[in-house]
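Asks: Residue numbers (UniProt numbering), protein chains in the order written: chain C, 1 to 167; chain X, 1 to 167; chain S, 1 to 167; chain V, 1 to 167.
Glycine included, each C-beta is placed from N, C-alpha and C at the ideal position.
Quick caveat: nothing in here was measured; it's all calculated off a predicted structure.
Here you go, one structure.
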DNA sequence: GATGAATGAGTCTTCATTCAT
DNA sequence: GATGAATGAAGACTCATTCAT
């Protein structure tokens, strides 16, 4: 907490004025990260163009430098022991399954248009999300040695072979 | 250290009998994990069959439940501050670039046989490795909610479109 | 550290608020002790009277109850292994030789006036300092059984025979 | 205990075969040191020559390199807290007062012959012993910087002025 | 006699948290 | 709002001691 306060240029005493405890601060950050993530999905649906255009936009939006630390945060929240109950609830609400449900309509449409591979949509989505998160976490922990993947590369996991383009 | 010792059913005192410090224990684990990883590559080359067969074997070997914690360990070693100097050296020796160099001959052959996509081999390998590691780390941190990916799914990142099969 | 904190009536946590480590606290004490010692020499030169008067004042000043623990501290610093580098430097700066040099002018004058024995001044000073320190350390460790020596008794080590008085 | 055993070239297990505990080993060493000290006094009385000859022999015997660690040991025993009860008893038996009593006959004879200063014999002896011990302890803890005093120098504390010789 | 695996009390140190000012 | 002195639980590490072999 003292280090966080110092980073923010305030005393740790004042940090406790804004957040009752480290758990509360952590919970707040997780909440923000999750809202950002679901906001990204809404934005994707508003994006013009084909299914592939929307997906590419979603990936580009999620896989930028700013989003890095959010992924790391969620990872910590998922991976650590002794995480506050409230954080576990937030994470539960935004489970992989929840994201799968959000994206399923898009993928089903993509399969109708022939853009998306004709495998089980849920499996494709879960795979894409897992791989995207994993990539971001790796990059976030060691940016020097682990480059961000080209979103088009990741798309190969879900595209119909006919739509795969050179990198 | 006391928790580790308790997990092993010994006193922390005895743990210090075998490892001079937490750093030394950690270093030893990282060393083991890294040797396991490079061993997996050797084994892949000995595996019979096509390039795809070899790669599938490599992924299945790496992405099993036992290997889970090794990925998590390496991730910790890469991501954390205050990691012992020796660990940083070991990790430096087995960089992403090193793995890329090991796998490049196989990928070049795969491109000759038409099994592997005709993009830059280095980029394909780095992408596959990143995604594989990221997936394992996510799964290792939260096995209940994040299923292991089907290795064939990951292979889509590097296969020539003609060789992509339904999942 | 906990015992020291308890002696001071504070928690060990607060002690660490003021001193980053046991080494730093120890270093600070050694520094203070050494400054006190060299201050005693300055004061001696300002003291009025003959060479013997000055020396007697110096000994009385150094050999009081308060100074006791300082001698013990310096002794620990000299005698112990694993003493912080900075402490070794401070002690090196205030070596026996350094004190000898400080006192030499006074002793040479004393030899001119006939108050000080006509042996090698450096040897006389080193002997007096050693004996004074040793006495203080013994007294500090076991005040009940080892009485403080009368400074006049110590002076016999350096006085010309003609100036020796009954105790 | 492990370090002591290693110095002796045996395992710490075997050290416990010979000494039931660290306290017992320490007690044994203190006992030996004290017997050596009182043996030195007996030997002094057997030494031929004048009172000064005997005293000089005593000092030379006590202030050699071998005796160094014995003085340090006794000092530790006197100075430390938590010293075993038996050690405290041994030290109590060989108190300063006990040594004073042992040496008093010699000093009284020396005062008759005019060799020893005509101050209170007890005070002279206590002073000489204190100074001798202190010197040895200092030298033992830091032999490089603190030279052993010339025994003749120490004798000045107790000699009649007429018998003081150049160093 | 001899070894070293095994234990646990005690020590230094960190850090989240509280609270008087 | 803002500060930092103050606390204590918890973790890394050491070392005297025991005991099976």
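Given that residue 7 (chain C) touches chain X, what residues does it touch there, using C-beta distances under 9 Å?
Replies: Chain X residues near residue 7 (chain C): none, gap ~14 Å exceeds 9 Å.
Asks: Under three-state DSSP, which class holds residue 159 (chain S)?
Replies: In this structure, residue 159 (chain S) counts as strand in the three-state DSSP scheme.
Asks: Is residue 50 (chain X) near residue 115 (chain X), with beta carbons less than 8 Å apart?
Replies: Yes, the pair counts as a contact, with Cβ atoms nearer than the cut-off.
Asks: Sort out for me which residues DSSP pairs residue 116 (chain V) with in a bridge.
Replies: According to DSSP, residue 116 (chain V) bridges with V:159.
Asks: Output needed for residue 100 (chain X): all residues of its chain with C-beta closer than 6 Å, excluding positions within five of it in sequence on either side, in chain order.
Replies: For residue 100 (chain X), where only same-chain residues beyond five positions count, the Cβ hits under 6 Å are 122, 125 and 126.
Asks: Where does residue 53 (chain V) fall in DSSP's three states?
Replies: Correct three-state label for residue 53 (chain V): helix.
Asks: Quick one: what's got a C-beta closer than 7 Å to residue 96 (chain C)'s C-beta in the same chain, skipping five residues either side?
Replies: So the qualifying residues of the chain are 126 and 129.
Asks: Since residue 6 (chain X) is in the alpha helix (DSSP H), which residue starts that stretch and which ends it?
Replies: Where residue 6 (chain X) is concerned, the enclosing alpha helix (DSSP H) stretches over 2-7.
Asks: Over the uninterrupted alpha helix (DSSP H) stretch that includes residue 74 (chain C), give me the two end residues.
Replies: Unbroken alpha helix (DSSP H) run through residue 74 (chain C): 68-79.
Asks: Who are the Cβ neighbours of residue 41 (chain X) in its own chain at under 6 Å, not counting the five residues just before and after it?
Replies: Taken in chain order, the residues that qualify are 102.
Asks: Going by alpha carbons, who is nearest to residue 88 (chain V) out of V:108, V:31, V:107 and V:109?
Replies: Comparing Cα-Cα distances from residue 88 (chain V) to each of V:108, V:31, V:107 and V:109, the minimum goes to V:31.
Asks: Cβ of residue 141 (chain X) less than 8 Å from any chain C Cβ?
Replies: Answer yes: the Cβ-Cβ gap between residue 141 (chain X) and chain C drops below 8 Å somewhere.
Asks: When you compare only the Cα positions, how much space is there between residue 64 (chain S) and residue 165 (chain S)?
Replies: About 22 Å.
Asks: Distance check for residue 44 (chain S) and residue 55 (chain S), CA to CA, integer angstroms please.
Replies: Roughly 7 Å separates the two Cα atoms.
Asks: Mapping DSSP to helix, strand and coil, what is residue 16 (chain X)?
Replies: Of the three classes helix, strand and coil, the one that applies to residue 16 (chain X) here is helix, per DSSP.
Asks: Quick one: residues in its chain with C-beta nearer than 6 Å to the C-beta of residue 8 (chain C), no 5 flanking neighbours on either side, listed in chain order?
Replies: Here the set comprises nothing.
Asks: Spell out whether any CB of chain V is found under 8 Å from the CB atom of residue 78 (chain S).
Replies: With 8 Å as the cut-off, residue 78 (chain S) counts as an interface residue toward chain V.
Asks: Helix, strand or coil: how does DSSP classify residue 63 (chain S) here?
Replies: Of the three classes helix, strand and coil, the one that applies to residue 63 (chain S) here is coil, per DSSP.
Asks: What does the alpha-carbon distance come out to for the pair residue 70 (chain X) and residue 5 (chain X)?
Replies: Those two C-alpha atoms are separated by around 19 Å.
Asks: What residue from S:29, S:68, S:134 and S:113 has the CA that sits closest to residue 91 (chain S)'s CA?
Replies: Comparing Cα-Cα distances from residue 91 (chain S) to each of S:29, S:68, S:134 and S:113, the minimum goes to S:29.
Asks: Quick check on residue 156 (chain C) - is its C-beta less than 8 Å from some C-beta in chain X?
Replies: By this cut-off, residue 156 (chain C) is an interface position.
Asks: If residue 73 (chain C) and residue 37 (chain C) are in contact, beta carbons under 8 Å, what's the gap, nearest whole angstrom?
Replies: About 11 Å separates the two Cβ atoms, so there is no contact after all.
Asks: Does any CB atom of chain S fall closer than 8 Å to the CB of residue 41 (chain V)?
Replies: Not an interface residue.
Asks: What separation, rounded to the nearest whole angstrom, lies between the Cα atoms of residue 16 (chain V) and residue 119 (chain V)?
Replies: Going from the Cα of residue 16 (chain V) to the Cα of residue 119 (chain V) covers about 51 Å.
Asks: Among residues of its own chain, excluding the 5 on either side of residue 77 (chain C), which ones have a beta-carbon nearer than 7 Å to its beta-carbon?
Replies: Same-chain partners within the cutoff: 30, 83, 87 and 91.
Asks: Could you tell me whether the Cβ of residue 75 (chain S) comes closer than 8 Å to any Cβ of chain V?
Replies: It does: the Cβ of residue 75 (chain S) has a partner Cβ on chain V nearer than 8 Å.
Asks: DSSP state of residue 166 (chain X), grouped into three classes?
Replies: Looking at residue 166 (chain X) - three-state DSSP - the assignment turns out to be coil, as it is neither helix nor strand.
Asks: Taking the alpha-carbon of residue 81 (chain S) as reference, which of V:104, V:141, V:66 and V:27 has the nearest alpha-carbon?
Replies: Closest option to residue 81 (chain S), Cα to Cα, is V:141.
Asks: List, in chain order, every chain C residue whose beta-carbon is nearer than 7 Å to that of residue 145 (chain X).
Replies: The contacting residues are 95 and 96.
Asks: Could you spell out where the alpha helix (DSSP H) holding residue 139 (chain X) opens and where it closes?
Replies: Residues 121-141.
Asks: I'd like to know if residue 87 (chain S) contacts chain V, where contact means its C-beta is closer than 8 Å to some C-beta of that chain.
Replies: Answer no: the Cβ-Cβ gap between residue 87 (chain S) and chain V never drops below 8 Å.
Asks: Give a yes or no on whether the minimum CB-CB distance between residue 23 (chain X) and chain C is below 8 Å.
Replies: With 8 Å as the cut-off, residue 23 (chain X) does not count as an interface residue toward chain C.
Asks: Mapping DSSP to helix, strand and coil, what is residue 93 (chain S)?
Replies: Note: residue 93 (chain S) maps to helix in three-state DSSP.
Asks: On a CA-only basis, which of C:60, C:111 and C:18 is nearest residue 159 (chain C)? Give me that one, please.
Replies: The candidate whose alpha carbon is nearest that of residue 159 (chain C) is C:111.
Asks: Under a Cβ-count criterion, where at least 16 other Cβ atoms within 10 Å of its own Cβ denotes burial, should residue 47 (chain C) be classed as buried or exposed?
Replies: Its Cβ having fewer than 16 others within 10 Å, residue 47 (chain C) is exposed.
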